[in-house]
Structure formats: structure tokens, C-alpha cells
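Enquirer:
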Amino acid sequence: MPPISTPTVRQRRLGAELRKLREAAGISTQEAAALLGVNRTRIPNIEAGRFRTSPERVRTLATNYGCTDTQLVEALVDITKERGNHWWESYRELLPPAFLDVAELEHHATAMRMFVMVHIPGLLQTAEHARAVFESSLLPLARDEVELRAMHRMRRQEVLTLRRNPPKYTAIVHEAALHIQFGGPKVAREQLNHLLDISERDNNVTIRAIPFGADGFAGPGQPIFYANGPVPQLDTVQLDSFHGSTFIDSHTDLADYRALLDKMEALCLPENKTRDLIHGIAQKL
């Protein structure tokens, strides 16, 4: 199989999980290659996501590493079977790779939790709000670039609206994000009304706000996206910063972020009180 020039987050994750299994077994890359009957460079390339591998090889590697978790192995096997081009591939070379990686994570997630302090979650934004957010970027974007990013964001939202069994999506939104205006009062009011519509219409979407009066606050305030995988070991956290996206898959770190999001949810208003808060802010615009 030819090498992959730009591995996706899922391809990198497959390699990372195989590396974890190998290291847990105390087997070197050279020993793993010998057991598999391949060149010694093949294992590091598979683990880096640079080379595709087959379901048979994943099962053989798991057996060689003494892994008895059949659910995890089959979930890894499923990743190797992905060959078709998904919708986000049409944006490759047009948008930063992290945009495509996030869309891929959302597509395969079984459930999602999102925390935001300043911005409305991307999956819940209106098109005008999304454009205004991109137009406010510190690094100026050309108009066609803003439109391309907004179109991609709108397409991502189909994971919540067009799938037969859409994933459960929980948005934890700090009250600050509800007050910050992108695009002026009209766009801001339409965005808040959009949140109200979603919260009342979509049973799979939960929107809860952390009010200014909450007793304390857990976390550094950066956006946190937690995507549940088909098995807990394949959960992923994505963090946004000025320098780009960071994807986290350490089991210890995942447990820490689950606990952090649980603490944040404990500070939230109930859903009905969240709707009252959003409605009150919209009425003042």
C-alpha cells in the first residue's frame, strides 16, 4: 500500500492505539515486525499513520501483543475498512487539516460534549454568526476564505440533523458567550433564537449555560470538545487555541477531561432555566 501523505486524525489514532498495545506487551518495533513478517520500518510507519494496514494485520498484531479486548480490536479493524471519500475530503487542500479532522471526529462520534467560554459551539451556529466569527479572526481572511469556512461549518451540522440516529450532543455554554456579539445585534439575536429553536426541537441536543453567578469555575476557559468513540479507549479530546488544534487520546488525560466536563455540567443551569436566560438576553438586543 502507498504511504499516506497527510494521515487523518482517525488514521493517526489507529497507529497510536497499536503502539500502546505493543508497548504494553513490552515488544520492540523490530520484534513486532519480525512476528508480523514485514520490514522493520513497517511497524513505525503504521504506528505513525503513514501506512495503511489491513483488518487481518490488525488482528494479528493484537494477538501478537496479547490483547484480549475483542471490542477494542474490532473497533480498530473498522478504521482500516474506511476507504470511501467523505464529504469533508472535498475541502482538503482548501482548509487547514484540523478542520477536516474535527468533521471526521464528529462523523464517527457516538456522543459529544462541547464546552465554550466565548464562542457559540460551531455545530449550533447560524451561517451569519459563523461568517462574523471568521471575519473577526486576528489574521485577516479573504472573503472567499470566510465563505468557504462558513460553508464547511454548516455542512458539519448535518451530523446532528440528517443522520438517522444522530449522536447525543451536549453543549456547555458559559453565559459570556451568550452576551458577546458577532456581526451586531441582529445577527446576535438571530443566533440566540436559533439556540432556543434547537433546544426545543432536537431531542438529541442539550444546551446548558454556566451563569455568571455560578459558584466557582473549573478549567482554564479554552474550548473543549469531547468525542466518544465506539469503545471508551477510542474517545478523543480536541482543544482549540490560537496556535491550532490539539488532539488528546491518553487514557489518563481523557479521564481528567471527563471529570472536568462533569464539574462544568454541575455548575450549569437546568435546560429550562438555560432557555429562560437565552431568551432574556435576546430580548435585550
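All the letters of the sequence shown, read from the start, carry residue numbers 230 to 514 under my numbering.
All C-beta atoms in this analysis are idealised placements derived from N, C-alpha and C, irrespective of residue type, glycine included.
(1) Counting beta carbon pairs with one atom in the segment 428-443 and one in the segment 388-403, are three or more of them shorter than 8 Å?
(2) Could you compute how far the alpha carbon of valine 362 sits from the alpha carbon of threonine 309?
(3) Quick one: what does DSSP say isoleucine 272 is sitting in, helix, strand or coil?
(4) Using a Cβ distance threshold of 8 Å, determine whether the segment 369-381 contacts the segment 350-361, with at least three qualifying pairs required.
(5) Tyrosine 294 by DSSP, collapsed to three states: which one?
(6) Can we say the segment 450-466 touches the segment 409-416, given the rule of at least three CB pairs closer than 8 Å?
(7) Can you tell me whether DSSP reads phenylalanine 344 as helix, strand or coil?
(8) For the segment 406-488, which segments carrying the alpha helix (DSSP H) assignment without a break, of at least 4 residues, lie completely within its bounds, in sequence order?
(9) Go to lysine 397, then tell me how far its alpha helix (DSSP H) extends in each direction, as first and last residue.
(10) Could you check if proline 350 is buried or exposed, using at least 16 other CB atoms within 10 Å of its CB as the buried criterion?
(11) Measuring CB to CB, does cysteine 497 end up less than 8 Å from alanine 406?
(12) If we call anything under 8 Å between Cβ atoms a contact, is leucine 353 one with alanine 400?
(13) Taking its Cβ as the centre, do 16 or more other Cβ atoms sit within 10 Å of threonine 297, making it buried, or is it exposed?
(14) I think leucine 265 touches arginine 241, with their Cβ atoms under 8 Å apart; what is that distance to the nearest whole Å?
(15) If you follow the alpha helix (DSSP H) that threonine 299 is in, where does it begin and where does it stop?
(16) Would you call the segment 334-342 in contact with the segment 440-457, where contact means no fewer than 3 C-beta pairs closer than 8 Å?
(17) On the DSSP letters alone, give me the boundaries of the alpha helix (DSSP H) that glutamine 240 sits inside.
(18) Kindly give me the distance between the Cβ atoms of leucine 247 and isoleucine 275, rounded to whole angstroms, as I take these residues to be in contact under 8 Å.
(19) Please name the residue, chosen from Thr289, Asn422, Glu404 and Gln451, that lies closest to glycine 442 on a Cα-to-Cα basis.
(20) Tell whether a beta-carbon distance below 8 Å holds between aspartate 478 and glutamine 451.
(21) Can you give me the start and stop residues for the alpha helix (DSSP H) that lysine 502 sits inside?
Expert: In short, the structure shows the following:
(1) Yes, the segment 388-403 touches the segment 428-443.
(2) Walking along the sequence shown from the start, residue 362 turns up at place 133. Walking along the sequence shown from the start, residue 309 turns up at place 80. Within the model, the alpha-carbon separation for valine 362 versus threonine 309 is close to 36 Å.
(3) Translated into positions along the sequence shown, residue 272 becomes position 43. Reduced to three states, the DSSP call for isoleucine 272 is helix.
(4) yes
(5) Position 65 of the sequence shown, counting from 1, holds the residue named residue 294. The answer is coil: DSSP assigns tyrosine 294 none of H, G, I, E or B.
(6) no
(7) Taking the first residue of the sequence shown as 1, we reach residue 344 at position 115. Three-state DSSP puts phenylalanine 344 in a strand.
(8) Taking only runs of at least 4 residues, the alpha helix (DSSP H) segments lying wholly in the segment 406-488 are 413-430.
(9) On the sequence shown, position 168 is the one that residue 397 refers to. Element bounds for lysine 397: not the alpha helix (DSSP H) but the beta strand (DSSP E), 397-403.
(10) Within the sequence shown, residue 350 is the residue found at index 121, counting from 1. Proline 350 comes out buried.
(11) Position 268 of the sequence shown holds residue 497. Position 177 of the sequence shown holds residue 406. It is not a contact, given that the beta carbons lie outside the stated cut-off.
(12) If you number the sequence shown from 1, residue 353 lands on position 124. If you number the sequence shown from 1, residue 400 lands on position 171. Yes. Within cutoff.
(13) On the sequence shown, position 68 is the one that residue 297 refers to. The residue is exposed, with fewer than 16 neighbouring Cβ atoms inside 10 Å.
(14) In the sequence shown, the residue the question calls residue 265 occupies position 36. In the sequence shown, the residue the question calls residue 241 occupies position 12. Wrong, their Cβ atoms sit about 20 Å apart, outside the cutoff.
(15) Start at 1 with the first residue of the sequence shown, and residue 299 comes out as number 70. Element bounds for threonine 299: 299-309.
(16) yes
(17) Here residue 240 corresponds to residue number 11 of the sequence shown, with the count starting at 1. Unbroken alpha helix (DSSP H) run through glutamine 240: 238-253.
(18) The count along the sequence shown starts at 1 and reaches residue 247 at position 18. The count along the sequence shown starts at 1 and reaches residue 275 at position 46. Confirmed, Cβ separation roughly 6 Å.
(19) As a first step, residue 442 must be located in the sequence shown, where it is residue number 213. Looking at the Cα atoms, Glu404 is the closest of the given residues.
(20) Here residue 478 corresponds to residue number 249 of the sequence shown, with the count starting at 1. Here residue 451 corresponds to residue number 222 of the sequence shown, with the count starting at 1. No.
(21) As a first step, residue 502 is located in the sequence shown; it is residue number 273 there, counting from the start. Unbroken alpha helix (DSSP H) run through lysine 502: 500-512.
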